[in-house]
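The sequence shown lines up with residues 40 to 381 when you count with the working numbering.
By construction, the Cβ of each residue, glycine as well, lies at the ideal position given by its N, Cα and C atoms.
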Amino acid sequence: MEKTARKVMEVLSGKTVSPPPVWLMRQAGRYLPEYRQTRSQAKGFLDLCYTPELAVEVTMQPIRRYGFDAAILFSDILVIPDAMNRNVRFVEGEGPQLDPISLDEIERLQAPDVARRLAPVFETVSRLREGLPDATTLLGFCGAPWTIATYMIAGHGTPDQAPARLFAYKHPSAFERLLSVVAEASAEYLIRQIDAGADAVQIFDSWAGVLGDEEFEQYAVRPVRRIVDTLRAARPSARVIAFAKGAGANLRSYRQGVDADAIGLDWTLPLEFAAELQKDGAVQGNLDPLLMVAGGDAMESRARRIVDKLGHGPLIFNLGHGITPQADPENVTRLLQVIRGG
Ligand code: CP3
Numbered sequence: 040m041e042k043t044a045r046k047v048m049e050v051l052s053g054k055t056v057s058p059p060p061v062w063l064m065r066q067a068g069r070y071l072p073e074y075r076q077t078r079s080q081a082k083g084f085l086d087l088c089y090t091p092e093l094a095v096e097v098t099m100q101p102i103r104r105y106g107f108d109a110a111i112l113f114s115d116i117l118v119i120p121d122a123m124n125r126n127v128r129f130v131e132g133e134g135p136q137l138d139p140i141s142l143d144e145i146e147r148l149q150a151p152d153v154a155r156r157l158a159p160v161f162e163t164v165s166r167l168r169e170g171l172p173d174a175t176t177l178l179g180f181c182g183a184p185w186t187i188a189t190y191m192i193a194g195h196g197t198p199d200q201a202p203a204r205l206f207a208y209k210h211p212s213a214f215e216r217l218l219s220v221v222a223e224a225s226a227e228y229l230i231r232q233i234d235a236g237a238d239a240v241q242i243f244d245s246w247a248g249v250l251g252d253e254e255f256e257q258y259a260v261r262p263v264r265r266i267v268d269t270l271r272a273a274r275p276s277a278r279v280i281a282f283a284k285g286a287g288a289n290l291r292s293y294r295q296g297v298d299a300d301a302i303g304l305d306w307t308l309p310l311e312f313a314a315e316l317q318k319d320g321a322v323q324g325n326l327d328p329l330l331m332v333a334g335g336d337a338m339e340s341r342a343r344r345i346v347d348k349l350g351h352g353p354l355i356f357n358l359g360h361g362i363t364p365q366a367d368p369e370n371v372t373r374l375l376q377v378i379r380g381g
């Protein structure tokens, strides 16, 4: 029997699909009442990530409600530091907290046992591939080493990642070591997600935009390239979306630099510039997540403009960053109608 075409995978192979396939970053999350319901059944956020039954349920919720073209594994980028015993906690209203890593601890840092520690995540992936509609792409993901390192060094989120930037300037070789241990673990993590049934993977570099120009090459491009090279050496057909939020003009060389099949675009990029980037391959983005709170004509006209500008080439419609808890679920319904021509 012929396999159903998965539209997101077609775009990742460079084809133009019209209307463009669509999914939203953080599509499983607190804006959905059914997510809040399931979330209240789990002890904590990480328990939700590590309980396949619950993680499958929350991944499926936005697929059932909206029929998105891709499902993204429900987990978090910080499961990698968690597997490294960095004592990751999610405190209600405060975001993630970890034990800040010291210079000394970096020198002694060991590769985590990804297969054992993250076994429930792989179990979730394989159950998802079995339960999803054939036409729905299943995306796995990990955080980029730079973004993971910013949390490992500060021990929490910060507005500009000054602690990690400062650490990198003062202790470049220790910092390189940290990035390389994280990159190795992340590559293994992605290979195992692909083996469990993920069709493609996304690498999230949410904090790429705070790096200086030379540091962008050193800390955002090279470690991600290392992950992609390791992944492709092991699984040559694996498809990769790389999202470097805030990278701006650095995106000109990013696709080639990291060897990604598609690059993610945040909402600050001019559509003219996005169209230039699309000449080299698929792009994904870039609606401002706040428009999912605002809704109405502001959301609809901007969504149409994105499709007008980028829909004639390989485009995966998405937001420019994750949907926020304040988003109105009805606006998502309307967005899909606008994109799919309803
Ligand atoms: O997109 C999806 O639906 C899949 C699940 C997913 C989550 N986090 C679930 C989550 C994905 C892909 C992520 C990635 C992630 N996690 C990133 C990169 C993307 C981005 O948003 O920049 C980062 C930086 C993290 C780290 C993280 N996790 C932070 C900073 C927070 C707290 C902020 C917040 O919104 O509260 C989390 C928690 C988190 N991860 C939640 C969800 C649904 C909310 C926690 C809850 O339900 O209590």
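Put residue i into one of helix, strand or coil per three-state DSSP.
{"i": "Met40", "result": "Only weak support exists for where Met40 lies, its pLDDT of 48 falling under 50; the value from the coordinates is given anyway. Coil, per DSSP."}
{"i": "Ala81", "result": "coil"}
{"i": "Ile230", "result": "helix"}
{"i": "Ala239", "result": "strand"}
{"i": "Lys209", "result": "helix"}
{"i": "Val267", "result": "helix"}
{"i": "Arg156", "result": "helix"}
{"i": "Leu349", "result": "helix"}
{"i": "Lys54", "result": "coil"}
{"i": "Asn124", "result": "coil"}
{"i": "Gly380", "result": "coil"}
{"i": "Thr163", "result": "helix"}
{"i": "Gln257", "result": "helix"}
{"i": "Tyr70", "result": "coil"}
{"i": "Arg373", "result": "helix"}
{"i": "Asp252", "result": "helix"}
{"i": "Asp143", "result": "helix"}
{"i": "Asp86", "result": "helix"}
{"i": "Met48", "result": "helix"}
{"i": "Asp336", "result": "helix"}
{"i": "Gln149", "result": "coil"}
{"i": "Pro368", "result": "helix"}
{"i": "Pro309", "result": "coil"}
{"i": "Arg274", "result": "coil"}
{"i": "Leu217", "result": "helix"}
{"i": "Ile116", "result": "coil"}
{"i": "Gly170", "result": "helix"}
Would you check if the distance between the CB atom of residue i and the CB atom of residue j is smaller than 8 Å?
{"i": "Thr363", "j": "Val322", "result": "no"}
{"i": "Met64", "j": "Leu308", "result": "no"}
{"i": "Gln232", "j": "Ile280", "result": "no"}
{"i": "Trp185", "j": "Pro262", "result": "yes"}
{"i": "Leu270", "j": "Ala259", "result": "no"}
{"i": "Arg379", "j": "Pro58", "result": "yes"}
{"i": "Gly320", "j": "Ala301", "result": "yes"}
{"i": "Leu304", "j": "Asn289", "result": "no"}
{"i": "Phe107", "j": "Ala94", "result": "no"}
{"i": "Gln136", "j": "Arg147", "result": "no"}
{"i": "Pro120", "j": "Met191", "result": "yes"}
{"i": "Val297", "j": "Gly236", "result": "no"}
{"i": "Leu349", "j": "Ala299", "result": "no"}
{"i": "Leu51", "j": "Thr98", "result": "no"}
{"i": "Val118", "j": "Val160", "result": "yes"}
{"i": "Pro368", "j": "Leu71", "result": "yes"}
{"i": "Glu339", "j": "Val371", "result": "no"}
According to the neighbour-count rule (16 or more other Cβ atoms, all chains shown, within 10 Å of its Cβ), is residue i buried or exposed?
{"i": "Tyr208", "result": "exposed"}
{"i": "Thr406", "result": "Because the chain here runs from 40 to 381, residue 406 falls outside it and cannot be looked at."}
{"i": "Val267", "result": "buried"}
{"i": "Ala150", "result": "exposed"}
{"i": "Gly352", "result": "buried"}
{"i": "Gln295", "result": "exposed"}
{"i": "Arg103", "result": "exposed"}
{"i": "Gln365", "result": "exposed"}
{"i": "Gly182", "result": "buried"}
{"i": "Ala337", "result": "exposed"}
{"i": "Pro60", "result": "buried"}
{"i": "Gln317", "result": "buried"}
{"i": "Leu330", "result": "buried"}
{"i": "Arg45", "result": "buried"}
{"i": "Pro211", "result": "exposed"}
{"i": "Leu142", "result": "exposed"}
Based on DSSP bridge pairs, tell me the residues matched to residue i.
{"i": "Ile111", "result": "Leu178"}
{"i": "Ala301", "result": "Ile280 and Ala321"}
{"i": "Phe129", "result": "Pro135"}
{"i": "Asp244", "result": "Ala283"}
{"i": "Leu358", "result": "Leu326"}
{"i": "Val61", "result": "Phe356"}
{"i": "His195", "result": "Gln136"}
Query - Cβ contact (3+ pairs, closer than 8 Å) linking the region 74 to 81 and the region 116 to 126 - result: no
Query raised in the report: Does the region 245 to 254 come within contact of the region 163 to 177, defined as at least 3 CB pairs closer than 8 Å?
Result: no
Query - Stretch pair the region 89 to 96 + the region 349 to 357: three plus CB contacts closer than 8 Å - result: No contact exists between the region 89 to 96 and the region 349 to 357.
Report task. Check whether the region 152 to 162 touches the region 223 to 237, counting contact only when three or more Cβ pairs, one atom from each stretch, lie closer than 8 Å. Result -> yes
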